[in-house]
Ligand code: CP
Ligand code: NVA
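Numbering (the working numbering), first residue to last: 4 to 334.
Pasting the structure below:
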């Protein structure tokens, strides 16, 4: 399997830590790993290595993707719920990082503060992969881009609308990642939820050398013009659940429903979501919000979520193949 030599030993804390060429290489490697997996080709290239998976927030896909990817590569992955270990509580992040770096060949971290993942990378001496912080979710975008490539033939053919909470980790990653790669991205969000100015400035700076087309607007019709991909995420991210009613009030016009999808004049408009999604009343949280506050928190309707142009589970599967490419290339 080809390897992008420049990635060896590097951490992936922000999507834009890697160059456009390095990201495109990773997507190619992920495609090859996907073919290997589908054809039962053994690829235990990293036998004997150990990685730590540290989770301060809950996860289904990211945890599973790292675990299966590591197993397929012949490695051992050790899971830590952050409440099980000393990190930040009775031991500094620095001291924990130094110790973990002496035991493990790589560390995945999901948590609240982005500075923790930065400190782990600074002090562990091994590659650290950001599995989501309040600010950014870089491994998600790798899977999203592989999925768009599979559906549209190239990531550069897509006009992508990210609609919903414009300030969250997924929106920030799309904004910066698209700007660096040179994509056509529209961040569609109400004025109150516009991305942090520091990300807007960075995106425009990155776009100068990539020819990216960036639109950040509250105007749904303008954003949807010619869109081939409509992407959304939950309206209250992990840790923000108590402000859900405020978010529903701001975002209900931005729900992804058939009417919104039809605003694009393109024939095929794909629906994407990082998952988990609220699209029905089959979750405890959706039922609680409905019963106690009398509101619907669904960022997407069940109809669109289950439609033939919804590619959310292909995206979810691609988390594993892309994370495998990332582990393989950085170790
Ligand atoms: N998309 C994503 O990160 O899913 P999990 O929260 O289940 O890991
Ligand atoms: N923005 C969401 C993404 C979940 C994968 C959150 O942080 O909860």
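Every residue gets a Cβ at the ideal spot worked out from N, C-alpha and C, and that includes glycine.
Residue span of the beta strand (DSSP E) that contains residue 110, given as start and end = Here residue 110 corresponds to residue number 107 of the chain shown, with the count starting at 1. Residues 109-113.
At least three beta-carbon pairs within less than 8 Å, the stretch 68-78 to the stretch 18-26 | no
Below 8 Å CB to CB, which residues in the same chain sit around residue 303 once its five sequence neighbours on both sides are set aside?
-> Sequence index remark: in the chain shown, residue 303 carries index 300 (1-based). Closer than 8 Å at the Cβ level, and outside the excluded window around residue 303, lie 235, 258, 259, 260, 274, 276, 280, 281 and 282.
Where the beta strand (DSSP E) through residue 81 begins and ends | As a working mapping, residue 81 is identified with position 78 in the chain shown. Run containing residue 81: 79-84, per the beta strand (DSSP E) assignment.
So is residue 309 buried or exposed if we call it buried at 16+ other beta carbons inside 10 Å?
-> By one-based count along the chain shown, residue 309 stands at place 306. Residue 309 should be labelled exposed.
Can you find a heavy atom of the ligand PLP that lies under 7 Å from the Cβ of residue 199?
-> Among the ligands in the structure shown, the ligand PLP does not appear; only the ligand CP and the ligand NVA can be found there.
Could you tell me which of 113, 119 and 84 sits nearest to residue 100, measuring between CA atoms?
-> As a working mapping, residue 100 is identified with position 97 in the chain shown. Residue 100 has its Cα closest to that of 119, out of 113, 119 and 84.
Starting from the C-beta of residue 229, find all residues in its chain whose C-beta is less than 8 Å away, skip the five residues before and the five after it, and write them out in chain order.
-> Sequence index remark: in the chain shown, residue 229 carries index 226 (1-based). Taken in chain order, the residues that qualify are 162, 267, 268 and 269.
In chain order, what residues of the same chain have a beta carbon less than 6 Å from the beta carbon of residue 128, not counting five sequence neighbours either side?
-> Taking the chain shown and counting its residues from 1, the one referred to as residue 128 is at position 125. Only 104 meet the Cβ criterion.
Cβ of residue 327 within 8 Å of Cβ of residue 72?
-> Residue 327 sits at position 324 when you count from the first residue of the chain shown. Residue 72 sits at position 69 when you count from the first residue of the chain shown. Their beta carbons are under 8 Å apart, which means residue 327 touches residue 72 by this criterion.
For the alpha helix (DSSP H) holding residue 238, just list the boundary residues, first then last.
-> Here residue 238 refers to the residue found at position 235 of the chain shown. Element bounds for residue 238: n/a, residue is neither H nor E.
Which listed residue (251, 138 and 154) has its alpha carbon closest to that of residue 300 | Within the chain shown, numbered from 1, the residue matching residue 300 stands at position 297. Nearest C-alpha to residue 300: 251.
By Cβ distance below 8 Å, which residues in the same chain neighbour residue 319 in space, the five residues on each side in sequence not counted?
-> What you label residue 319 is simply residue 316 of the chain shown in a count that begins at 1. Closer than 8 Å at the Cβ level, and outside the excluded window around residue 319, lie 64, 146 and 278.
Consider the C-beta atom of residue 259 and the heavy atoms of the ligand NVA; say whether any pair is separated by less than 7 Å.
-> For the purposes of this step, residue 259 is identified with residue 256 of the chain shown, where counting begins at 1. Incorrect: residue 259 has no Cβ contact closer than 7 Å to the ligand NVA.
Have a look at 168, 241, 57 and 271 and flag the residue whose alpha-carbon is nearest the alpha-carbon of residue 288.
-> As a first step, residue 288 is located in the chain shown; it is residue number 285 there, counting from the start. The shortest Cα separation from residue 288 among 168, 241, 57 and 271 belongs to 241.
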